[in-house]
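Encoded as structure tokens, the structure appears first; notes follow it.
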Amino acid sequence: MEQAIAVRPLRLNDRSALEAMDTGIEDDYVIRIFDRLIESEDHELFGLFQDKQMLAVGGYSLFGGNKFAMIGRLRSDRRNLKKGYATELLKPIIRQLKNRPEVYWVGANTQVDNIPARRVFEKLYFHQGPVLYYLTLDKPQLLTGNTPGSVWEKSNDVTEKRELLLSLKQNKLGVFPYECYYPLPYDSALFIDDYLNKSTFYKNKDDTRFVIIKNDIKKYEYSHVKYFWNDHYEQPGFFETVLDHWKQTPSNVGCWIDFSHQGFNNIPDLSPYKVQDPWILYEFWKDRH
């Protein structure tokens, strides 16, 4: 008789079942940080099991005092594709998040050409959000078309940093790029002192623009650049500022920059960058469903 399929939170002793999955991912970071994910209060990881075999794995991370949940780390065993296992895994996870009163928003970020994942999120009533382009500036000697200028003024005061974020009247990204791969709603709940202290803010000469750079690790170390306009190449000193910050942290492999669709189209030459295929954010707000 075929064993029933069940979803449950993963435990430390489930590592071997995860390692036995055929996901096609080489050097999967979920395996590398498995213990940390299981023991963390901000991350939850679940497995879809048939008997002792793990068919799919996924979970979520919490941000902003648990106000925002991002679905992620979704993998399926390639030997069992097209059986709806990813959807079956996510259904109880979404149900759990809907039942948590402190969670207001749930998101999922996937590449535009990942049609199977997109179908899963659409089945679960997520709505399409912004499309973002993640580029890593790692060959600055090839930069052309930018407007030269001096390095922008650094802001070290936490109060001023928060005021800059709260004063933003337009946001061409449509999100707050909290971490690499983690676009979240632009919300003051994310602007806590610890996060701001770990972020470096720079203001341009006439105080009309600011950029945030925060070191982040996603397998490699990056200078993660958060800029909320599409005029990167028009603003004098923007790239001098970004590159000066990178120079202060030479262990970083480059400057990760989140671009909107229009911002990406404004780039005159892609040769200075490592370019990923675009990503699309799926989301729902609990009070709208």
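Read in my numbering, the sequence shown has 159 at position 144, and its numbers run on one by one without any break. Backbone N, C-alpha and C fix where the C-beta goes; we use that ideal spot for every residue, glycine too.
Simplified DSSP assignment, three categories, for residue i
i: Asp-29; result: helix
i: Met-16; result: Legend: pLDDT at Met-16 = 48, less than 50; position of this residue unreliable, no value from coordinates given.
i: Asp-244; result: Reading off the sequence, residue 244 comes out as Trp, not Asp. If DSSP states are grouped into helix, strand and coil, Trp-244 belongs with coil.
i: Asp-284; result: coil
i: His-304; result: A caution first: His-304 carries a pLDDT of 45, below 50, which makes its placement in the model unreliable, though a value can still be read off. Looking at His-304 - three-state DSSP - the assignment turns out to be coil, as it is neither helix nor strand.
i: Asp-221; result: coil
i: Phe-254; result: helix
i: Arg-23; result: strand
i: Asp-50; result: helix
i: Ile-227; result: strand
i: Thr-215; result: strand
Strand pairing of residue i, partner residues [DSSP]
i: Ala-84; result: Leu-77, Val-121
i: Ala-71; result: Leu-63, Ser-91
i: Phe-279; result: Paired residue(s): none; Phe-279 is not in a bridge.
i: Lys-154; result: DSSP output for Lys-154 lists no bridge partner at all.
i: Lys-289; result: Thr-151
i: Pro-200; result: Answer is none; Pro-200 lacks a bridge partner.
i: Pro-192; result: Pro-198
i: Ser-238; result: Asn-230, Cys-270
i: Tyr-297; result: Ala-123, Gln-143
i: His-260; result: Answer is none; His-260 lacks a bridge partner.
8 Å Cβ shell around residue i - same chain, five flanking residues per side excluded
i: Cys-195; result: Tyr-149, Asp-231, Lys-233, Tyr-237, His-239, Trp-271
i: Glu-103; result: Ile-20, Val-22, Leu-63, Ala-71
i: His-142; result: Tyr-297, Glu-298, Phe-299
i: Tyr-75; result: His-58, Glu-59, Ala-84, Met-85, Ile-86, Gly-87, Ile-108, Leu-112, Val-121
Endpoints, the beta strand (DSSP E) within which residue i is located
i: Trp-271; result: 270-274
i: Glu-249; result: It is not in any beta strand (DSSP E) - Glu-249 carries neither H nor E in the DSSP assignment.
i: Glu-41; result: Counting along the chain, Glu-41 falls outside any beta strand (DSSP E), and DSSP gives it neither H nor E.
Neighbourhood of residue i by C-beta, 7 Å cutoff - its chain only, sequence neighbours within 5 removed
i: Ile-307; result: Outside the displayed range of the chain (16 to 304) lies residue 307, so it cannot be described from this structure.
i: Lys-213; result: Lys-229
i: Ser-31; result: none
i: His-304; result: Caution is warranted here: a pLDDT of 45 is assigned to His-304, below 50, making its placement in the model unreliable, and the coordinate value is therefore given only provisionally. Hits under 7 Å: Tyr-140.
i: Arg-177; result: Phe-206, Leu-211
i: Thr-306; result: In the structure as shown, the chain begins at 16 and stops at 304. Residue 306 is therefore absent and cannot be evaluated.
i: Lys-218; result: Trp-167, Glu-168, Ser-170, Phe-225
Opening and closing residue of the alpha helix (DSSP H) in which residue i lies
i: Tyr-140; result: Premise fails: Tyr-140 is in no alpha helix (DSSP H) and is neither H nor E.
i: Lys-113; result: 100-113
i: Glu-168; result: No alpha helix (DSSP H) contains Glu-168, which is instead part of the beta strand (DSSP E) from 168-170.
i: Lys-176; result: 173-181
Contacting residues, own chain, Cβ-Cβ under 6 Å from residue i (five flanking each side not counted)
i: Ile-20; result: Gln-65
i: Phe-83; result: Trp-120, Leu-199
i: Gly-80; result: Ala-204
i: Leu-77; result: Asp-57, Ala-84
i: Val-45; result: Arg-88
i: Lys-241; result: Pro-192, Ile-227
i: Met-16; result: Any reading at Met-16 must be qualified, since the residue scores a pLDDT of 48, below 50, and its modelled position is unreliable; no value is offered.
i: Pro-293; result: Val-127, Val-146, Tyr-148
i: Ser-266; result: Glu-236
i: Lys-154; result: Pro-287
i: Asp-284; result: Thr-159
Cutoff 9 Å: residue i Cβ touching any chain C Cβ
i: Phe-243; result: Structure shown: chain C not included; a single protein chain is present.
- prompt: Would the stretch 274-289 and the stretch 136-153 be scored as touching if the rule is three or more Cβ pairs under 8 Å?
  reply: Judged by Cβ distances under 8 Å, the stretch 274-289 makes contact with the stretch 136-153, as three or more pairs qualify.
message: So, does the stretch 273-284 touch the stretch 140-147, judging by three or more C-beta pairs under 8 Å?
response: Touching, yes, given that three or more Cβ pairs across the two stretches are closer than 8 Å.
field: Segment contact flag, the stretch 183-191 with the stretch 130-142, C-beta cutoff 8 Å, min 3 pairs
entry: No, the stretch 183-191 is not in contact with the stretch 130-142.
contact_flag[the stretch 239-257, the stretch 154-165] where n(CB pairs < 8 Å) is 3 or more: Under the Cβ criterion (8 Å, minimum of three pairs), the stretch 239-257 counts as touching the stretch 154-165.
Inter-stretch contact (C-beta, 8 Å, three-pair minimum) for the stretch 117-126 and the stretch 93-103: The answer is no - the stretch 93-103 does not touch the stretch 117-126, with fewer than three Cβ pairs under 8 Å.
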